[in-house]
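Numbering (UniProt numbering), first residue to last: 1 to 100.
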């Protein structure tokens, strides 16, 4: 299952959904990721000041990973406009999808 997020708020929504799917409270996710419940709350509310390392800890606790890919890519396919844009901004090898 793959989900696309382009803003801190969207990332927060995906984290909240994954946490609830496991039946965990914010406090439980905090315990599992080594963070305070308040930090989990900040991530879920889309607080833009959350450190990347902190987000990665939460994703790992939830069994999720962070992936990066060209905008507009869905299931490995590009629209013509998106392909033209990615030619102007080449992506490093080996990076794909966005958040999955």
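Glycine included, each C-beta is placed from N, C-alpha and C at the ideal position.
Which listed residue (3, 34, 23, 27) has its alpha carbon closest to that of residue 14: Residue 14 sits at position 14 when you count from the first residue of the chain shown. Among 3, 34, 23, 27, the Cα nearest to that of residue 14 is on 3.
Among 71, 72, 54, whose alpha-carbon lies nearest the alpha-carbon of residue 65? Locating residue 65 in the chain shown gives position 65, counting from the first residue. For residue 65, the nearest C-alpha among the options comes from 54.
Is it buried or exposed for residue 19, if we count other Cβ within 10 angstroms and need 16 for buried? Along the chain shown, one-based indexing puts residue 19 at 19. Buried, since its Cβ has 16 or more Cβ neighbours within 10 Å.
Burial state of residue 52 (16 or more Cβ within 10 Å): The count along the chain shown starts at 1 and reaches residue 52 at position 52. Its Cβ having fewer than 16 others within 10 Å, residue 52 is exposed.
Excluding sequence positions up to five away, which residues of its chain have a Cβ less than 6 angstroms from the Cβ of residue 33? If you number the chain shown from 1, residue 33 lands on position 33. These residues qualify, in order along the chain: 57, 58, 61.
Cα-Cα separation between residue 22 and residue 16, rounded to whole angstroms: Here residue 22 is taken as the residue at index 22 of the chain shown, counted from 1. Here residue 16 is taken as the residue at index 16 of the chain shown, counted from 1. If you take the alpha carbons of residue 22 and residue 16, they lie about 10 angstroms apart.
The alpha helix (DSSP H) enclosing residue 27, as first and last residue numbers: Counted from its first residue, the chain shown places residue 27 at position 27. 26-33 is the extent of the alpha helix (DSSP H) around residue 27.
At the level of alpha carbons, what is the spacing between residue 10 and residue 25? Position 10 of the chain shown holds residue 10. Position 25 of the chain shown holds residue 25. Residue 10 and residue 25: Cα-Cα distance of roughly 19 angstroms.
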